[in-house]
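>
There are 2 protein chains.
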Amino acid sequence: MTETTPARRGGRQLPTAEELRIWREFIETTAALSARLESRLQGDSSLSTGDYAVLLALSEAPDKAMRSSVLAAHIGWERSRLSHHLGRMERRGLIRRQECATVPRGAEVLLTAAGAEAFGKATFPHLRAIRELFVDALTPEQIVAAGEIAAALRARLATSGEG
Amino acid sequence: MTETTPARRGGRQLPTAEELRIWREFIETTAALSARLESRLQGDSSLSTGDYAVLLALSEAPDKAMRSSVLAAHIGWERSRLSHHLGRMERRGLIRRQECATVPRGAEVLLTAAGAEAFGKATFPHLRAIRELFVDALTPEQIVAAGEIAAALRARLATSGEG
DNA sequence: ACCTACCGGTTGACGTGTCAATGATGCTAA
DNA sequence: TTAGCATCATTGACACGTCAACCGGTAGGT
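Put into structure tokens, the structure is as follows:
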């Protein structure tokens, strides 16, 4: 972090070797962490994190139901992605879809009893895993730092071109 | 970070609301960052980050060639994943596979001229994007902290059960 | 020699994600 | 009225990842 600052290198656009090493460690570790959580959730409940996100949103919805596009916006997915995923979840009986009475061409997504039960059983182990693999792995200061780093990265993503 | 320590809560196993908020922000932002890098690389060079990892390893290999399983170990992939990916890359002419003379049943992966050229063209924009979206988004202290956080998370992943 | 066990690599099934194209339906303006 | 046009959702094609099964060959033990 000391020997060669960007300025000293005269407008260099490329990361240093050390920056690149940290980048790789950072991005690969977070990916591995996601994968591990995914695998834990799968083992504990036969749900994917995608399933979990959908079920969580529906569980918190007033009538355990949401319009498809509202749901997509809520969890930050493209409609196409959600549509594919709902198809798979419907096959497994976790949700149902029906025409929406109020909105033309709207599709109402309903949480089934099986879906609610699966979500209920998944919640505790999932949160415990987050605690074990993330919260307990870091010091309180590191958790704060992680939040700040995420915020800074997110801000950069928002300002740089979406492409 | 101070008001309620885990101990004060009597062996609680679940994250606090604030911890959970940071967790979500952290994991979603890193995923979005990966996706953005992927999309940049795709736009600049028509390569995926998987392609890039393979081409990078082959480029650095003595003869621009590696045995399949050595390559898999080098980039940390399962053999099956690599096999599928090499099939796709071979169809696009980025690499070739041939029987390995020295090792029975071994497969030698060769970098083609087209592969070397695609990698060469991709490198600079890719590193520039890493600098723009990661290095320049953070303060030097945050970069160090990111490295330490990654190391701590990685250590935890290594010690907790692989499942 | 033969049986077995492992090793390196491939394959198939399937879940997941993106992109582009396609219905179906209302809104708006000539 | 009707010709666009946006909106909501679905679909198909394809890339990518994991898991489990498979195959060919070498090596060990009996």
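Chains A and B supply the protein sequences, listed in that same order. Per the working numbering, the first sequence starts with residue 1, numbered consecutively. Per the working numbering, the second sequence starts with residue 1001, numbered consecutively. Cβ atoms here follow ideal geometry from the backbone N, Cα and C, with glycine treated the same way. Fair warning: this is a prediction, and the values are worked out from it, not measured in the lab.
What does the alpha-carbon distance come out to for the pair THR1049(B) and SER1034(B)?
9 angstroms
> For the candidate residues PHE26(A), THR112(A) and ALA31(A), whose alpha-carbon lies nearest to that of ARG91(A)?
THR112(A)
> Could you tell me which of ALA1155(B), LEU1058(B) and ASP1044(B) sits nearest to ALA1072(B), measuring between CA atoms?
LEU1058(B)
> Starting from LEU110(A), follow its DSSP beta bridges and name the residues at the other end.
ALA65(A) and ARG96(A)
> Compare the C-beta of THR123(A) against all C-beta atoms of chain B and say whether one is closer than 7 angstroms.
no
> May I ask you to list, following chain order, the residues of the region 1048–1077 of chain B that have a beta carbon less than 9 angstroms from some beta carbon of chain A?
GLY1076
> How would you call THR159(A), buried or exposed, if buried means at least 16 neighbouring beta carbons within 10 angstroms?
exposed
> Under 8 angstroms by Cβ, that's how I've got ALA151(A) and ILE1149(B) pegged, so tell me the actual separation to the nearest angstrom.
14 angstroms between Cβ atoms; not a contact.
> For ILE51(A), count the other beta carbons within 10 Å of its own beta carbon; 16 or more makes it buried, fewer makes it exposed. Which is it?
Checking the sequence shown, residue 51(A) turns out to be Asp, not Ile. By the neighbour-count rule (16 or more Cβ atoms within 10 Å), ASP51(A) is buried.
> GLN98(A) to ALA65(A), Cα distance in whole Å?
10 angstroms
> Less than 7 angstroms separating the beta-carbons of ALA1122(B) and SER1045(B)?
Cβ atoms of ALA1122(B) and SER1045(B): closer than 7 angstroms.
> Please check if any C-beta of chain A sits within less than 7 angstroms of the C-beta of GLN1042(B).
no
> Answer with yes or no whether the minimum CB distance from LEU1111(B) to chain A is below 7 angstroms.
Not closer than 7 angstroms to any Cβ of chain A, the Cβ of LEU1111(B) fails to qualify, so no.
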